[in-house]
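Colleague: I am attaching a structure below and will ask some questions about it afterwards.
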Amino acid sequence: DSYTIDVIPGDGIGQEVIPAATACLDLVAERHGFALHWRDREWGSDYYRSTGRMLPVDGLEQLSTGDAVFLGAVGDVDIPDDVTLWGLLIPIRREFEQYINLRPNRTLPGVPSPLAGDRQLDVLVVRENVEGEYSEIGGRFRRGRPDEFALQEAVFTRQGIARVTRFAAELAAGRTGRLVSATKSNGIIHTMPFWDEVVRETAADFPGVTVDKVLIDALAARVVSAPESLDVIVASNLFGDILSDLAAAVAGSLGVAPSANLNPEREHPSLFEPVHGSAPDIAGKGWANPVAAIWAGAMMLRHLGRPEAADDLESAFGAVLAGGTRTRDLGGSASTGDFTEAVLVALRG
Ligand code: NAI
Ligand code: MG
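Adding 2 to a residue's 1-based position in the sequence shown gives its number in full-length UniProt numbering.
The structure is reproduced here in structure tokens:
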């Protein structure tokens, strides 16, 4: 058995955490009797500087023949972030209908959290990933005049809201049954009441699931003040983006937060990546925490139908963290290589 994975390490610490994660993934795969066939894609900012594109003209076509995409991060100090994002990540998400962005965040033994006392957080943020506030509709008008303005439309479709809600409700049904929907229908009076209505109607098909709609501002506060009251959260593209970074920070560090961009129907490859970016401030120093990338790899194994291998990998990095081996972002002194080596040792167990 083997799976073909397109791997895009990308920029900055992407070049450090991705090799760390693929080493762990290869070992866990071997131990479970399957193989990962990596297709290396050197796409990203250097590729952009030499070609004017973030990925080749037929890049999406190349990716379409693989089983999954594994990405580090893209972003460089001298290229605008909208170029790197809209030139690579957003086209992949949209072309492959990866309409779910799944971000698990939980406090882990060995990872210091800013939460007071011994409060715990275990939250799954289900972010709508292809529509909503991130739209191309709009523009800049009356440029340079005193009455200049910019306009950007948010696009919410019944189908888009219903499918992200179904995905979240299914997850909630397998956990505590509590689904929270992030909204702002008091201030945003067209799209958000529609969001509320479709979420309520869709979730009604899941008898074991209760939906609680919470205003995004209050919900942000609750992530910090009452995290144990939260389990699965369904949110629009923008709200989900912000909430999941907040939840990641509350869990301890961006360095441990993974994410999956999923096409649940499996008609197209899904993409797995750490939540963090290219971290130019620490790139090249060997300080990057590889946990987010390794955990994203575990999510990939789960999606590929290898839950036992995914569990083993999660247990391995969990045990290493709990044992006190930590990178600098978590207050330790282990290098990326030290941490990775410890995970490999734990996997050989
Ligand atoms: P960032 O996530 O790269 O870094 C934020 C802070 O967290 C930095 O201080 C960094 O050192 C630290 N950090 C992040 N990941 C870490 C890890 N694994 N281990 C230890 N420390 C870690 O976010 P920032 O600085 O806002 O963005 C840098 C570049 O990355 C920008 O060009 C941005 O557009 C891009 N970016 C790309 C993403 C992607 O490819 N999906 C996601 C987020 C940002
Ligand atoms: Mg973000």
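Think of the CB as a built atom: it goes at the ideal place given N, C-alpha and C, for glycine as much as any other residue.
Around the ligand NAI, which residues pass a check of Cβ closer than 5 angstroms to any of its heavy atoms?
Modeller: Those satisfying the condition are, in chain order, Ala75, Val76, Gly77, Asp83, Leu256, Gly257, His278, Gly279, Ser280, Ala281, Asp283, Ile284, Ala290, Asn291, Asp331.
Colleague: Note down the Cα distance separating Arg330 from Pro148, rounded to an integer number of angstroms.
Modeller: For Arg330 and Pro148, the distance between alpha carbons rounds to 48 angstroms.
Colleague: What's the call for Pro209, buried or exposed, on a 16-neighbour Cβ count within 10 Å?
Modeller: By the 10 Å Cβ count, Pro209 comes out exposed.
Colleague: Just how far apart, CA to CA, sit Ala175 and Val9?
Modeller: Spanning the two alpha carbons is a distance of roughly 33 angstroms.
Colleague: Can you tell me where the beta strand (DSSP E) with Ala262 in it begins and where it stops?
Modeller: Residues 260 to 264.
Colleague: Check the C-beta distance from Ala70 over to Tyr5 and give it rounded, since I have them as a contact under 8 angstroms.
Modeller: Contact flag correct, Cβ pair sits at about 7 angstroms.
Colleague: Going by DSSP, what residues sit across from Phe72 in a beta bridge?
Modeller: Per DSSP, Val9, Phe274.
Colleague: Touching or not, the stretch 285 to 303 and the stretch 10 to 21, by the rule of three or more beta carbon pairs under 8 angstroms?
Modeller: As far as the Cβ criterion goes, the stretch 285 to 303 touches the stretch 10 to 21, which means the pair count is three or higher.
Colleague: Tell me the DSSP secondary structure of Phe151 in three-state form.
Modeller: Strand, per DSSP.
Colleague: Out of curiosity, what's the CA-to-CA distance linking Phe143 and Glu155?
Modeller: Each residue's alpha carbon lies about 14 angstroms from the other.
Colleague: Can you tell which of Gly77, Asn107, Gln64, Val30 has its C-alpha closest to the C-alpha of residue 353?
Modeller: With the chain covering only 3 through 351, there is no way to say anything about residue 353.
Colleague: Can the beta-carbon of residue 2 be found closer than 8 angstroms to that of Ala311?
Modeller: With the chain running from 3 to 351 in the structure shown, residue 2 is simply not present.
Colleague: Apart from the five residues on each side of it in sequence, which residues of its chain come closer than 8 angstroms, Cβ to Cβ, to Ser255?
Modeller: Cβ within range, chain order: Val113, Asn291, Asp331, Leu332.
Colleague: Quick check on the burial criterion: 16 or more other C-beta atoms within 10 angstroms. Buried or exposed for Ile15?
Modeller: That one is buried.
Colleague: Going by Cα to Cα distance, which pick from Gly286, Leu248, His270 is closest to His305?
Modeller: Residue His270 is the option with its Cα nearest to His305.
Colleague: Can you tell me the Cα-Cα spacing of Phe341 and Ala259, whole angstroms?
Modeller: So the two alpha carbons sit approximately 16 angstroms from each other.
Colleague: Just checking my contact of residue 371 with Ile94 at CB under 8 angstroms: how many whole Å lie between their CB atoms?
Modeller: No answer is possible for residue 371: it lies beyond the span of the chain, which begins at 3 and ends at 351.
Colleague: Per DSSP, what kind of secondary structure is Pro106 in: helix, strand or coil?
Modeller: It is a strand residue.
Colleague: Whose C-beta lies closer than 8 angstroms to the C-beta of Gln122 among residues of the same chain, with five residues either side of it excluded?
Modeller: Arg108, Thr109, Pro229, Glu230.
Colleague: From what residue to what residue does the beta strand (DSSP E) around Ser66 run?
Modeller: It is not in any beta strand (DSSP E) - Ser66 instead sits in the alpha helix (DSSP H) that spans 61 to 66.
Colleague: Beta-carbon of Pro271 versus every beta-carbon of chain C: anything under 8 angstroms?
Modeller: This model lacks chain C altogether, as it is built from one protein chain only.
Colleague: Measuring only the C-alpha atoms, how far is Arg308 from Ala318?
Modeller: One C-alpha to the other measures close to 16 angstroms.
Colleague: Does the stretch 80 to 91 touch the stretch 47 to 63, meaning 3 or more C-beta pairs lie closer than 8 angstroms?
Modeller: Touching, yes, given that three or more Cβ pairs across the two stretches are closer than 8 angstroms.
Colleague: Return the Cβ separation of Leu27 and Gly299 in integer angstroms, given the expectation that the two are a contact with Cβ distance under 8 angstroms.
Modeller: Right, the Cβ-Cβ distance comes to about 5 angstroms (below 8 angstroms), so this counts as a contact.
Colleague: I think Val277 touches Arg105, with their Cβ atoms under 8 angstroms apart; what is that distance to the nearest whole Å?
Modeller: The Cβ separation is near 6 angstroms, so the contact holds.
Colleague: Can you name the start and end residues of the beta strand (DSSP E) that Phe143 belongs to?
Modeller: Here the beta strand (DSSP E) through Phe143 covers 140 to 143.
Colleague: Looking only at DSSP bridge pairs, what is Lys215 linked to?
Modeller: In the DSSP output, where bridge partners are listed per residue, Lys215 has Ser183.
Colleague: One question on the structure: do Pro266 and Phe158 come within less than 8 angstroms of each other, judged by their Cβ atoms?
Modeller: Against a cut-off of 8 angstroms, the Cβ pair of Phe158 and Pro266 comes out as no contact.
Colleague: Excluding sequence positions up to five away, which residues of its chain have a Cβ less than 8 angstroms from the Cβ of Val347?
Modeller: Counting only Cβ-Cβ distances below 8 angstroms, and skipping sequence neighbours, we find nothing.
Colleague: Find out if the Cβ-Cβ distance for the pair Val200, Arg145 is shorter than 8 angstroms.
Modeller: No, the pair does not count as a contact, with Cβ atoms beyond the cut-off.
Colleague: Residues in the same chain with beta-carbon distance under 7 angstroms from Ser47, minus the five sequence neighbours each way, listed in chain order, please.
Modeller: So the list reads Asp13, Val76, Asp78, Ile81, Thr86, once near-sequence residues are dropped.
Colleague: Report the residue from Glu44, Glu97, Ala37, Thr53 whose alpha carbon sits nearest the alpha carbon of Glu63.
Modeller: With distances taken between Cα atoms, Glu63 lies closest to Glu97.
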